[in-house]
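*Asks:* Just passing along the structure, written as structure tokens.
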Amino acid sequence: MNQIYWKKNAHKRAGSMSDLSFLSTEESNKVLQFHKSYLKYKETPLTTLSALSNYLGVKQISVKDESQRYNLNAFKVLGGLYAIAKYIGNQLGIPDEQLTFDKLKSPSVKESLGTLTFVSATDGNHGRGVAWAAQQLGHQAVIHMPKGSSSRRLQHIHDCGAEGYITDWNYDKTVEYVANSAKENGWVVIQDTAWEGYEEIPKWIMQGYSAIATEVINQSESKKPTHLFLQAGVGSFASAIIGSVISNYKETSPKIVIVEPDQANCFYRSFLAGKGEAVAVTGDMDTIMAGLACGVPNKVSWEIIRNYADIAVSCSDDVAATGMRILGNPLDKDERIISGESGAVPMGLLYKLLSDPNLVKVKEELDLDSDSHILLINTEGDTDAVKYKQIVWEGAHPSYQSR
Ligand SMILES: Cc1ncc(COP(=O)(O)O)c(C=O)c1O
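Residues in the sequence shown are numbered from 56 upward in steps of one, following the numbering used here.
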């Protein structure tokens with residue numbers, strides 16, 4: 056029960072620093088300006104859980120709730136949408152400052168480029184974001200999901216008008232298939248991970264995610280967090296937030312904790328190996344944290360995480376389930392937050408670190424105490440509402456089989 060393993064990052068700020076210029080404050084402000092051009096744009100809430108902070112003996116626990124992003128129940132659309140916008144902008148020579156949602160939807164863009172097809176591999180959330188963005192801008196999307204993916208998450212993709220399929224392979228093999236199918240068909244790959252020779256679009260996706268950090272920085276005013284817990288699949292999300300936060304807070308940046316499922320713990324294993332090289336996880340990666348079930352780190356993200364993260368933590372599925380229950384059943388006047396499997400694991404981990412005497416060494420390593428202000432990001436809501444109930448109501452983890 057609640058298996059938690061951690062490893063300190065021996066390479067933090069060692070050697071050459073990462074190039075964070077694409078996540079600089081100036082770049083991130085341009086990105087946010089683009090997102091704001093969408094008519095229904097609304098900042099997601101940053102909620103303080105005061106009763107829980109008191110109960111666990113820390114100064115403040117804040118949760119940025121991305122389940123409320125554009126009715127899509129997850130943060131992912133920020134990346135897919137921005138990458139598609141940048142792709143179209145680049146094709147037509149539109150400078151970043153002039154990229155707006157309406158301009159991209161205009162008939163003149165359609166006349167110049169025709170109907171584009173964007174293709175991607177996904178656990179569900181990224182694909183839904185790409186499908187939604189393509190539909191909103193009048194283009195097409197073809198989305199492939201790994202073996203064992205949720206049929207309800209696939210349905211969300213179909214609901215956005217995209218073609219969508221569940222493959223017989225794990226996430227990383229599905230990404231390979233997508234890259235090949237794009238070559239054969241002349242489609243555009245909008246993939247949320249980078250590899251040798253494919254870095255530009257993943258960097259645009261990461262820039263798209265930086266809007267979350269910019270919003271948090273604006274919402275927090277002078278109250279900077281001391282600790283930032285970030286869940287990782289391929290690491291694009293975590294490294295985008297790290298890059299933006301470091302660019303903004305500089306030497307007063309928080310301690311950074313990377314959180315992963317134990318079945319797909321590539322960053323934890325990379326820290327464990329201690330050579331400063333990324334280590335991949337292979338196989339089925341069977342975890343309830345579908346969004347984090349990725350075994351190969353994003354090449355660009357790995358460098359950022361290696362240079363700036365403090366520790367990586369590998370968690371069993373019940374840690375995520377614990378986080379879902381805590382967020383869904385608040386103390387006193389705290390806000391209720393519906394958080395899905397990949398969204399809730401940082402909360403499950405924080406709870407265990409602050410309440411389990413067996414984990415006191417990690418707590419001390421991180422200087423988690425009564426002065427700590429911890430920031431968590433709920434990256435998804437109940438993106439599979441049936442599974443959410445099975446886990447929260449029935450405790451049906453980790454062995455539930457209904458896909
Ligand atoms: C809900 C959720 N949280 C976190 C992540 C992790 O993002 P990344 O793969 O960039 O590490 C994902 C990825 O799909 C996700 O869907």
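A virtual CB, placed ideally from N, CA and C, is assigned to each residue, including glycine.
Relative to the alpha-carbon of threonine 172, which residue among Val243, Ser105, Ala367 has its alpha-carbon at the smallest distance?
*Replies:* Against the sequence shown, residue 172 aligns to sequence position 117. Closest option to threonine 172, Cα to Cα, is Val243.
*Asks:* Taking the alpha helix (DSSP H) that glycine 219 falls in, what are its first and last residues?
*Replies:* Mapped onto the sequence shown, residue 219 falls at position 164. Here glycine 219 belongs to no alpha helix (DSSP H); instead the beta strand (DSSP E) covers 218–221.
*Asks:* With DSSP as the reference, label histidine 66 as helix, strand or coil.
*Replies:* In the sequence shown, the residue the question calls residue 66 occupies position 11. The answer is coil: DSSP assigns histidine 66 none of H, G, I, E or B.
*Asks:* Hey, how far is the Cα of isoleucine 272 from the Cα of lysine 279?
*Replies:* As a first step, residue 272 is located in the sequence shown; it is residue number 217 there, counting from the start. As a first step, residue 279 is located in the sequence shown; it is residue number 224 there, counting from the start. So the two alpha carbons sit approximately 8 Å from each other.
*Asks:* Considering just the uninterrupted stretch of the beta strand (DSSP E) at glutamate 315, what are its terminal residues?
*Replies:* Along the sequence shown, one-based indexing puts residue 315 at 260. It spans 310–316 - the beta strand (DSSP E) in which glutamate 315 sits, taken as one unbroken run.
*Asks:* In whole angstroms, give me the CA-to-CA distance for serine 291 and aspartate 422.
*Replies:* By one-based count along the sequence shown, residue 291 stands at place 236. By one-based count along the sequence shown, residue 422 stands at place 367. Taking the straight line from one Cα to the other gives about 26 Å.
*Asks:* Examine ligand 1 and report whether any of its heavy atoms sits within less than 8 Å of the Cβ of valine 185.
*Replies:* Taking the sequence shown and counting its residues from 1, one reaches residue 185 at position 130. No, Cβ of valine 185 sits at least 8 Å from all heavy atoms of ligand 1.
*Asks:* Tell me whether glutamate 254, by its Cβ, gets closer than 8 Å to a heavy atom of ligand 1.
*Replies:* The residue you call residue 254 lines up with position 199 of the sequence shown. False, no ligand heavy atom lies under 8 Å from that Cβ.
*Asks:* Could you spell out where the alpha helix (DSSP H) holding leucine 267 opens and where it closes?
*Replies:* Sequence index remark: in the sequence shown, residue 267 carries index 212 (1-based). Reading off the sequence shown, one finds isoleucine at residue 267, where the question assumed leucine. From DSSP, the alpha helix (DSSP H) with isoleucine 267 extends over 255–275.
*Asks:* Cβ-heavy atom distance between serine 291 and ligand 1 below 8 Å?
*Replies:* In the sequence shown, counting from the first residue as 1, residue 291 sits at position 236. Yes, the beta carbon of serine 291 sits closer than 8 Å to at least one heavy atom of ligand 1.
*Asks:* Using 8 Å as the cut-off, can you tell me whether the region 145–160 makes contact with the region 90–106, which would need three or more C-beta pairs spanning the two stretches below that distance?
*Replies:* Yes, the region 145–160 touches the region 90–106.
*Asks:* Does the structure place the region 227–245 close enough to the region 313–332 that three or more beta carbon pairs sit under 8 Å?
*Replies:* Verdict: no, contact absent.
*Asks:* Taking the beta strand (DSSP E) that phenylalanine 284 belongs to, which residues open and close that run?
*Replies:* Numbered from its first residue, the sequence shown carries residue 284 at position 229. Here the beta strand (DSSP E) through phenylalanine 284 covers 282–286.
*Asks:* In this structure, does DSSP put methionine 340 in helix, strand or coil?
*Replies:* Taking the first residue of the sequence shown as position 1, residue 340 is located at position 285. In this structure, methionine 340 counts as coil in the three-state DSSP scheme.
*Asks:* Examine the Cβ distances between the region 423–440 and the region 127–144 and report whether three or more of them are shorter than 8 Å.
*Replies:* Yes, the region 423–440 is in contact with the region 127–144.
*Asks:* List the DSSP bridge partners of tryptophan 250.
*Replies:* As a position in the sequence shown, residue 250 is number 195, starting the count at 1. Tyr253, per the DSSP bridge assignment.
*Asks:* Less than 8 Å between the CB of histidine 194 and some heavy atom of ligand 1, yes or no?
*Replies:* Residue mapping note: residue 194 aligns to position 139 of the sequence shown, counting from 1. No.
*Asks:* With distances taken between CB atoms, is the gap from glycine 134 to isoleucine 260 smaller than 9 Å?
*Replies:* Translated into positions along the sequence shown, residue 134 becomes position 79. Translated into positions along the sequence shown, residue 260 becomes position 205. Taking 9 Å as the Cβ cut-off, glycine 134 and isoleucine 260 qualify as a contacting pair.
*Asks:* At a threshold of 8 Å, does histidine 199 count as lining ligand 1 (C-beta to nearest heavy atom)?
*Replies:* Residue 199 sits at position 144 when you count from the first residue of the sequence shown. It does not: the Cβ of histidine 199 is nowhere closer than 8 Å to a heavy atom of ligand 1.
*Asks:* Mind checking whether the beta-carbon of serine 258 lies closer than 8 Å to any heavy atom of ligand 1?
*Replies:* Residue numbering aside, residue 258 sits at position 203 when the sequence shown is read from its first letter. One detail in the question is off: residue 258 reads as lysine in this sequence, not serine. Not under cutoff, so the answer is no.
*Asks:* Less than 9 Å between the C-beta atoms of leucine 347 and glutamate 315, yes or no?
*Replies:* If you number the sequence shown from 1, residue 347 lands on position 292. If you number the sequence shown from 1, residue 315 lands on position 260. For leucine 347 and glutamate 315, yes; Cβs fall inside 9 Å.
*Asks:* Hey, how far is the Cα of glutamate 390 from the Cα of glutamine 88?
*Replies:* Taking the sequence shown and counting its residues from 1, one reaches residue 390 at position 335. Taking the sequence shown and counting its residues from 1, one reaches residue 88 at position 33. Using only the alpha carbons, I get a separation of about 29 Å.
*Asks:* So, helix, strand or coil for asparagine 240, using DSSP?
*Replies:* The residue labelled residue 240 in the question sits at position 185 within the sequence shown. Helix, per DSSP.
*Asks:* On a Cα-Cα basis, can you pick out the residue from Gln58, Ser83, Ser122 that is closest to glycine 395?
*Replies:* Here residue 395 refers to the residue found at position 340 when the sequence shown is read from its first residue. The candidate whose alpha carbon is nearest that of glycine 395 is Ser122.
*Asks:* By a C-beta neighbour count over all protein chains shown, 10 Å radius and 16 as the cutoff for buried, is glutamate 82 buried or exposed?
*Replies:* The residue labelled residue 82 in the question sits at position 27 within the sequence shown. It counts as buried.
*Asks:* Go through its chain and collect everything with a Cβ distance to serine 73's Cβ below 7 Å, but skip five positions before and after it.
*Replies:* Position 18 of the sequence shown, counting from 1, holds the residue named residue 73. Excluding residues within five positions, the ones whose Cβ falls inside 7 Å are Glu358, Ile359, Asn362.
*Asks:* Spell out the partners DSSP gives glutamate 435 in its beta bridges.
*Replies:* Residue mapping note: residue 435 aligns to position 380 of the sequence shown, counting from 1. Bridge partners of glutamate 435: Ala129.
*Asks:* In its own chain, which residues sit with a C-beta less than 6 Å from the C-beta of leucine 430, not counting the 5 before and 5 after it?
*Replies:* Taking the sequence shown and counting its residues from 1, one reaches residue 430 at position 375. Ser117, Pro280, Leu283.
*Asks:* Over what stretch of residues does the beta strand (DSSP E) that includes glutamine 195 continue unbroken?
*Replies:* Against the sequence shown, residue 195 aligns to sequence position 140. Start and end: 195–200.
*Asks:* Are the Cβ atoms of lysine 407 and isoleucine 139 separated by less than 9 Å?
*Replies:* Reading the sequence shown from its first residue, position 352 is the one you call residue 407. Reading the sequence shown from its first residue, position 84 is the one you call residue 139. Not a contact, by the Cβ cut-off of 9 Å.
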